[in-house]
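K.L.:
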Amino acid sequence: MKFAVKLVTIFVLIKSIEVVVLSQVATQFDTSTALHLEKTPAILSDKHEFVLDLQHFRLNKLLITYITNTVERLVSWDAVYFVDFFKSGTVDYEQHWVFGPAWWRLVHVVGTRLTSNYYWVIIIGFLITGICHFGTSVMVYFLTKSIFQDEQMGQRAALLSVLSPAGVFLTSPYSESLCSFLTMCGLFLHEQSFDRATLTVKSKVFYLFSGVLFGISLTVRSNALLLGAIFAYDFAILAYSKLFLLSLVPLASGALTGSFFVWLNYLPYKELCPERGEWCDSAIPSLMLYAQAHHWNNGFLKYWTPNNIPNFLFALPTIYLFSASLWEFRSEKRIQSTVIVSLLFLVLNVTSWNVQIITRISSFLPIGYWYLAQEHKQVSRTRWVTWSVIWIIVQTGLFGMFLPPA
Numbered sequence: 001m002k003f004a005v006k007l008v009t010i011f012v013l014i015k016s017i018e019v020v021v022l023s024q025v026a027t028q029f030d031t032s033t034a035l036h037l038e039k040t041p042a043i044l045s046d047k048h049e050f051v052l053d054l055q056h057f058r059l060n061k062l063l064i065t066y067i068t069n070t071v072e073r074l075v076s077w078d079a080v081y082f083v084d085f086f087k088s089g090t091v092d093y094e095q096h097w098v099f100g101p102a103w104w105r106l107v108h109v110v111g112t113r114l115t116s117n118y119y120w121v122i123i124i125g126f127l128i129t130g131i132c133h134f135g136t137s138v139m140v141y142f143l144t145k146s147i148f149q150d151e152q153m154g155q156r157a158a159l160l161s162v163l164s165p166a167g168v169f170l171t172s173p174y175s176e177s178l179c180s181f182l183t184m185c186g187l188f189l190h191e192q193s194f195d196r197a198t199l200t201v202k203s204k205v206f207y208l209f210s211g212v213l214f215g216i217s218l219t220v221r222s223n224a225l226l227l228g229a230i231f232a233y234d235f236a237i238l239a240y241s242k243l244f245l246l247s248l249v250p251l252a253s254g255a256l257t258g259s260f261f262v263w264l265n266y267l268p269y270k271e272l273c274p275e276r277g278e279w280c281d282s283a284i285p286s287l288m289l290y291a292q293a294h295h296w297n298n299g300f301l302k303y304w305t306p307n308n309i310p311n312f313l314f315a316l317p318t319i320y321l322f323s324a325s326l327w328e329f330r331s332e333k334r335i336q337s338t339v340i341v342s343l344l345f346l347v348l349n350v351t352s353w354n355v356q357i358i359t360r361i362s363s364f365l366p367i368g369y370w371y372l373a374q375e376h377k378q379v380s381r382t383r384w385v386t387w388s389v390i391w392i393i394v395q396t397g398l399f400g401m402f403l404p405p406a
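Here my numbering is used: position 70 in the sequence shown is 70, and no number is missing along the way.
1. Taking 8 Å as the limit between beta carbons, can you name the residues of its chain near N298, skipping five residues before and five after?
2. By DSSP's criteria, V201 is part of a beta bridge. Which residues make up the other side?
3. Look at S177 and T129 and say whether their C-beta atoms are less than 8 Å apart.
4. Should W263 go down as buried or exposed, given a rule of 16 or more other Cβ atoms within 10 Å for buried?
5. What's the C-alpha gap between E275 and I43?
6. Kindly confirm or deny that the stretch 395 to 405 and the stretch 27 to 36 touch, where touching means at least three C-beta pairs closer than 8 Å.
7. Can you tell which of F50, V75, L243 has its C-alpha closest to the C-alpha of T65?
8. Can you check which of these residues, W103, V12, F322, is closest to L159 by C-alpha distance?
9. Just reading off the alpha helix (DSSP H) that S325 is part of, what are its end residues?
10. Have a look at V212 and M184 and give me their C-alpha separation to the nearest angstrom.
11. Go to A239, then tell me how far its alpha helix (DSSP H) extends in each direction, as first and last residue.
12. Determine the closest residue to L199 out of I237, F188, L316, with distance taken between C-alpha atoms.
13. Judging by CA-CA distance, which residue of A315, Q356, G368 is the nearest neighbour of V341?
14. In the stretch 76 to 164, which residue ranges form an unbroken alpha helix (DSSP H) of at least 4 residues, counting only runs that do not cross its ends?
15. Taking the Cβ atom as the reference point for each residue, do L326 and L344 lie within a distance shorter than 8 Å?
16. Using CA coordinates, which residue listed in A283, K204, S222, S217 is at the minimum distance from L246?
17. With DSSP run on the structure shown, which of helix, strand or coil describes W387?
18. Excluding five sequence neighbours on each side, which residues of the same chain lie with their C-beta closer than 8 Å to the C-beta of F99?
19. Are the Cβ atoms of R105 and G89 separated by less than 8 Å?
20. Quick check: the Cα distance between T396 and E18, rounded to an integer number of angstroms?
21. So, with DSSP's three-state summary, where would you put K408?
22. Whose C-beta lies closer than 6 Å to the C-beta of S337 among residues of the same chain, with five residues either side of it excluded?
23. Per the contact definition of three or more C-beta pairs closer than 8 Å, is the stretch 108 to 117 in contact with the stretch 54 to 72?
24. What's the call for W304, buried or exposed, on a 16-neighbour Cβ count within 10 Å?
25. Identify, in the order they occur along the chain, each residue of the same chain with its Cβ nearer than 7 Å to the Cβ of I67, setting aside the five sequence neighbours on each side.
26. Tell me the rounded alpha-carbon separation between P41 and F169.
Here's what the structure looks like:
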């Protein structure tokens, strides 16, 4: 009970700090959000209606201004696109297909059943994001406790997940929270269903459903595709042990996860091809792969340019945390599959992706929390918590001003 109260208290405190920081941001460096909000008649009408709704709660004018300003500051970077998707339920441009549909469709379905107001939809997205973040912390607790058989380590890991480097991106209506929650649920089911010591599948249903959860997570954020390596690892050790019949179970789970990736690529192909040409005519006609390279300039060492040095500096603490975690757990058999996924994630993020995104998308892997949650890492944990609080405040301010990292 004490832990639950502590978890809720710290969670609410961190969210409150972020909301206060956002409410104090007066202007944004990038004016696209402001122009979008101020020049769209329907949104202006929704804003007027939103203010009237707040007045019905007998809030004073200053508080209403703070609330409205905070809601508007939540619409930065990719959230600009997400909120439009929340409202319309459709995508208008080719590159928009890359945004995982499960997240914005969830908010669209929930939001449109409750309101059609632009501002209230943002708040609904904010609430769902918060619920998913808290759910992630709860699942980190159960997952850690189950693997390491250590109550205190589970509690520490859960509290650390509240202070994730993702910070405000687990508060704004982004997809990271849902991806993390689904992933932790999948990892927990995988842990409950597979006995590494005896190489037995205790529950085929749970094991297969973990593949489904990873697949759904993939439809939220594409980096969840890396979770398929967990099943590849299980298949390899079972096949190596000549348990060929049992090795079909991870093969089936991996296929379930992979089927969601195929579906994600089929949707835009069906909608845009063959008339679109270009990527439609590729040997592997994947809009996801094309858009990442063409629109976001992803590719091996493409991001390694002098002008991106600040982004590498933003990412450095998280890169260090993952590197230290991988070294610490390099021989830990209980989490070897998660170590492999984390290694793939780190290498790809540093060499082939926009490196600064590691601060927000790393929240779908628990290895950093496990590293810091160990009993003998008290000094490192204290330093990380101090850094995290400072980072979250600074990052939230930068996000509200529409400044990197994003």
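A virtual CB, placed ideally from N, CA and C, is assigned to each residue, including glycine. For clarity, every value in this text was computed on a predicted model and none was experimentally measured.
P.N.:
Inspection of the coordinates gives the following:
1. Position 298 of the sequence shown, counting from 1, holds the residue named residue 298. Hits under 8 Å: Q292, S352, W353, N354.
2. Here residue 201 refers to the residue found at position 201 of the sequence shown. DSSP lists F194 as partners of V201.
3. Position 177 of the sequence shown, counted from the start, is the residue given in the question as residue 177. Position 129 of the sequence shown, counted from the start, is the residue given in the question as residue 129. Closer than 8 Å, so yes.
4. As a working note, residue 263 is residue 263 in the sequence shown. Flag for W263 reads exposed.
5. Locating residue 275 in the sequence shown gives position 275, counting from the first residue. Locating residue 43 in the sequence shown gives position 43, counting from the first residue. For E275 and I43, the distance between alpha carbons rounds to 34 Å.
6. They touch, by the three-pair rule.
7. Taking the first residue of the sequence shown as position 1, residue 65 is located at position 65. Closest option to T65, Cα to Cα, is F50.
8. Here residue 159 is taken as the residue at index 159 of the sequence shown, counted from 1. Among W103, V12, F322, the Cα nearest to that of L159 belongs to V12.
9. Here residue 325 is taken as the residue at index 325 of the sequence shown, counted from 1. If you look at S325, you'll find it in the alpha helix (DSSP H) that goes 309 to 328.
10. In the sequence shown, the residue the question calls residue 212 occupies position 212. In the sequence shown, the residue the question calls residue 184 occupies position 184. When only Cα atoms are considered, V212 and M184 end up about 13 Å apart.
11. Position 239 of the sequence shown, counted from the start, is the residue given in the question as residue 239. Annotation for A239: the continuous alpha helix (DSSP H) segment containing it runs 228 to 240.
12. For the purposes of this step, residue 199 is taken as residue 199 along the sequence shown, with counting starting at 1. For the residues I237, F188, L316, the minimum Cα distance to L199 belongs to I237.
13. Counting from one through the sequence shown, the residue named residue 341 turns up at place 341. Ranking A315, Q356, G368 by Cα distance to V341 puts G368 first.
14. Segments of the alpha helix (DSSP H) lying fully in the stretch 76 to 164: 79 to 88, 101 to 114, 118 to 148, 151 to 162.
15. Taking the first residue of the sequence shown as 1, we reach residue 326 at position 326. Taking the first residue of the sequence shown as 1, we reach residue 344 at position 344. In this structure, L344 does not lie closer than 8 Å to L326 by Cβ.
16. The count along the sequence shown starts at 1 and reaches residue 246 at position 246. Of the candidates A283, K204, S222, S217, the one whose C-alpha sits nearest the C-alpha of L246 is K204.
17. Position 387 of the sequence shown holds residue 387. In the three-state scheme derived from DSSP, where H, G and I count as helix and E and B as strand, W387 is classed as helix.
18. Position 99 of the sequence shown, counted from the start, is the residue given in the question as residue 99. Excluding residues within five positions, the ones whose Cβ falls inside 8 Å are D78, Y81, F82, F85, V91, S175.
19. Within the sequence shown, numbered from 1, the residue matching residue 105 stands at position 105. Within the sequence shown, numbered from 1, the residue matching residue 89 stands at position 89. Yes. Within cutoff.
20. In the sequence shown, residue 396 corresponds to position 396, counting from 1. In the sequence shown, residue 18 corresponds to position 18, counting from 1. If I take the Cα positions, the gap works out to 6 Å.
21. With the chain covering 1 to 406 only, the question about residue 408 has no answer from this structure.
22. As a first step, residue 337 must be located in the sequence shown, where it is residue number 337. Only I230, Y233 meet the Cβ criterion.
23. Contact fails: fewer than three Cβ-Cβ distances are below 8 Å.
24. As a first step, residue 304 is located in the sequence shown; it is residue number 304 there, counting from the start. Its Cβ having fewer than 16 others within 10 Å, W304 is exposed.
25. Taking the first residue of the sequence shown as 1, we reach residue 67 at position 67. Listed in chain order, the non-local C-beta contacts of I67 below 7 Å within the same chain comprise L54, local neighbours out to five positions each way being set aside.
26. Within the sequence shown, numbered from 1, the residue matching residue 41 stands at position 41. Within the sequence shown, numbered from 1, the residue matching residue 169 stands at position 169. About 28 Å.
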